[in-house]
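Just below is one structure, and these are the notes that go with it.
Residue numbers (full-length UniProt numbering): 1 to 126.
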């Protein structure tokens, strides 16, 4: 089973989904991410779904669940890189992804987390 890597940038964690998610890989990601949030004291999580071309209700629920877990551990979640077709499909499926903030790309996701907290998490322009 492939595991999704969880990278640390300042006090945010970045998850870039590059594989087809199956039940086991999603459960592993949820556990890995929750452990990493606690271990690092991260206050933000960015989930990059740029490589996700097809979405279904399983992926939508997975994103909402990860955001809820992160919130319970005091970290905000932002989903970045959503393709227009993915957004349309999520709306058509009736999945509002409550509690999940979105941004067009990684840079805007970091800026959104900075704005939410009112401080600087990390910048790539230094």
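Built from N, CA and C at the ideal position, the CB exists for glycine as well.
Everything numeric in this text was worked out from a predicted model, so none of it was measured.
**Prompt:** Buried or exposed: residue 78, going by 16 or more other Cβ atoms within 10 Å of its Cβ?
**Reply:** The C-beta of residue 78 has 16 or more other C-beta atoms within 10 Å across all chains shown, which makes the residue buried.
**Prompt:** So the beta strand (DSSP E) residue 14 belongs to, where does it begin and stop?
**Reply:** In the DSSP assignment, residue 14 falls within the unbroken beta strand (DSSP E) covering 12-16.
**Asked** Does the separation of the CB atoms of residue 50 and residue 10 fall below 8 Å?
**Response** In this structure, residue 50 keeps its C-beta atom at 8 Å or more from the C-beta atom of residue 10.
**Asked** For residue 44, is the classification buried or exposed, using 16 other Cβ atoms within 10 angstroms of its Cβ as the cut-off for buried?
**Response** Residue 44 should be labelled buried.
**Message:** Less than 7 Å between C-beta atoms, sequence neighbours within five positions excluded: which residues of the same chain meet that for residue 63?
**Reply:** The residues are 47, 79, 97 and 100.
**Prompt:** How would you label residue 7, buried or exposed, when you count the other beta carbons within 10 angstroms and need 16 or more for buried?
**Reply:** Exposed, because fewer than 16 other Cβ atoms sit within 10 Å of the Cβ of residue 7.
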